[in-house]
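Each residue of the sequence shown is one higher than the one before, counting from 145 in the numbering used here.
Even glycine gets a Cβ: it sits at the ideal position worked out from N, Cα and C.
Keep in mind that this is a model prediction, so the values were computed, not measured.
Single-structure report; data block below.
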Amino acid sequence: MSNLIKDKLVDSIVIELSQDENLLKLMVQITEPKELLILTSSLNFFGWSDLLYIASGVGDQEGVGVDGTGFRYPTDELDPGEKPLEGVEVYNPLGEVQVSIPAFERLMLRYFRTLISEAKKLNNPIVEQPWWKEFVAITKKIEQRLDGAS
């Protein structure tokens with residue numbers, strides 16, 4: 145039996161931003177099942193300063209971690225005695241879950257697209273940061289990879 149969260153469930157996650165125009169932060173109202181709470185709360189743990197690092201990890205299909213929250217791909221090096229991953233493992237202080245690579249990357253792409261769209265719409269100064277263009281370029285690379293896979 146697979147330990148992966150069903151793709152359909154991951155794809156059902158709605159990504160919205162806070163209504164506070166000064167705050168670009170993902171707002172997800174999921175509390176059940178716990179697996180989705182772990183997955184969605186991981187996105188809320190990341191800050192703006194982590195965004196390029198997180199996007200690069202997804203773009204390169206390599207795991208990343210920030211202060212006890214992150215993700216690992218099945219191709220990442222395992223610690224001795226660890227079982228191979230079936231998909232991408234997402235972890236934070238609440239626990240860890242596994243998601244198929246395509247479902248994880250679709251979720252992350254929706255997350256990145258939402259941040260890009262809202263930052264532009266709100267004329268947020270974050271779009272002037274030196275790393276922003278690279279973040280947008282990596283997001284497009286992920287989108288092209290997923291478009292090519294469908």
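> Which parts of the segment 204 to 253 are runs of the beta strand (DSSP E), unbroken and 3 residues or longer, counting only runs that do not cross its ends?
Replying inline: 208 to 210, 213 to 216, 232 to 236, 239 to 243
>> Among 203, 194, 278, 223, whose alpha-carbon lies nearest the alpha-carbon of residue 209?
In response: 194
> For residue 222 and chain B, any beta-carbon pair shorter than 9 Å?
Replying inline: Here there is only one protein chain, and chain B is not present.
>> Quick check on residue 188: buried or exposed, where buried means 16 or more other Cβ atoms within 10 Å of its Cβ?
In response: exposed
> Whose CA, out of 242, 237, 236, lies closest to the CA of residue 229?
Replying inline: 242
>> Please state whether the Cβ-Cβ distance between residue 236 and residue 185 is less than 9 Å.
In response: yes
> Do residue 255 and residue 182 come within 9 Å of each other at the CB atom, strictly closer than that value?
Replying inline: no
> By how many angstroms is the C-alpha of residue 225 removed from the C-alpha of residue 191?
Replying inline: 32 Å
>> Closest to residue 240 by C-alpha separation, out of 213, 274, 247, would be which residue?
In response: 213
> Among residues of its own chain, excluding the 5 on either side of residue 151, which ones have a beta-carbon nearer than 6 Å to its beta-carbon?
Replying inline: 244, 247
>> For the pair the segment 269 to 282 and the segment 197 to 204, tell me if three or more CB-CB distances fall below 8 Å.
In response: yes
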